[in-house]
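Start counting the sequence shown at 1; every next residue gets the next number (the UniProt record's numbering).
Ideal Cβ placement from N, Cα and C applies to all residues, glycine included.
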Amino acid sequence: MRIATFNILHGRSPVDDRVDVERLATAVKDLDADVLGLQEVDRDQPRSLGADLTAVAAEAMGAVDSQFVAALSGTPGGTWMAATGDEQPGSATYGIALLSRYPVVSWRVVRLPALRSRVPVWFRGAPRPKLVGDEPRVAVAAVLDGPSGQFTVCNTHLSFVPGWGALQLSKLVRSLTGTREPLVLMGDLNMQAGQAERVSGLRPLAPATTPTFPVDEPARQLDHVLARGPIAATGPAEAVRLPLSDHRALVVPCAPA
């Protein structure tokens, strides 16, 4: 099976600064993933034409089950609040999604610790740190009925604030203790491979030699597919450049070990 994670930048292409849902659908179809985790996903947002981007992707890949989980309600960068899961249909939301060609046995949502104040962060090339805030972060996990039995997949998008993302990853992995294995945890973790492996205690299915960001000349692997239990890569991982987003999609062919 093919497992993929992709930060879609709400479907926007940095080349023309446009959201084109047909372009997103074509990109997802080209990935040919059996299980797909998406980050930076819009639903009913004006900037993405009011589309349900999860539904667009699900139709494109032939998913039999999918779930969008809002991290925030309102407009990113504008007026928003942390999502609760009780948002009204048609309200503008933003978050993550998990899609599968295999039936889902059960779903679970994990809301991660929120950074409640602005903190100083050093950015590359900047002469001094900048005070930044962060958005709410969530994870969605599913037990899937795969071709070789049930297994768990979890998708998330962690904070870019150094240290805080590590705390979120540690909490997320602890929350998955006892879940059905094999377990695959994927997403935009906003940290490089060594830290992701060290903090999570999981093993990478994609080597650190598969950078995903930035899209034009990727130098860092911020997107990961990690595992615990009897599952292994059956071929080389690939960072796929697609005609949208500032990240490349990370695809790993794998099978029960």
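query, result
"Cβ shell of Asp145 (< 8 angstroms), same chain only, five flanking positions each side left out", "Tyr102, Pro103, Val104, Val105"
"Meets three-Cβ-pair contact criterion under 8 angstroms: the segment 183–202 and the segment 139–154", "yes"
"Backbone CA spacing between Leu244 and Glu40 [nearest angstrom]", "12 angstroms"
"Segment contact, 8 angstroms Cβ cut-off, at least three pairs: the segment 214–227 with the segment 244–256", "yes"
"Where Trp164 sits in the DSSP three-state scheme", "helix"
"N- and C-terminal bounds of the alpha helix (DSSP H) containing Glu40", "Here Glu40 belongs to no alpha helix (DSSP H); instead the beta strand (DSSP E) covers 35–43."
"Those residues which DSSP pairs with Arg203 across a bridge", "Ala227"
"Per-residue DSSP class, three states only, for Ser13", "strand"
"Burial state of Met191 (16 or more Cβ within 10 Å)", "buried"
"Cβ-based neighbour list, Leu205, same chain, cut-off 8 angstroms, excluding 5 preceding and 5 following", "Ile3, Val184, Val225, Leu226, Ala227, Ile231, Ala232, Ala233, Ala237, Val252, Cys254"
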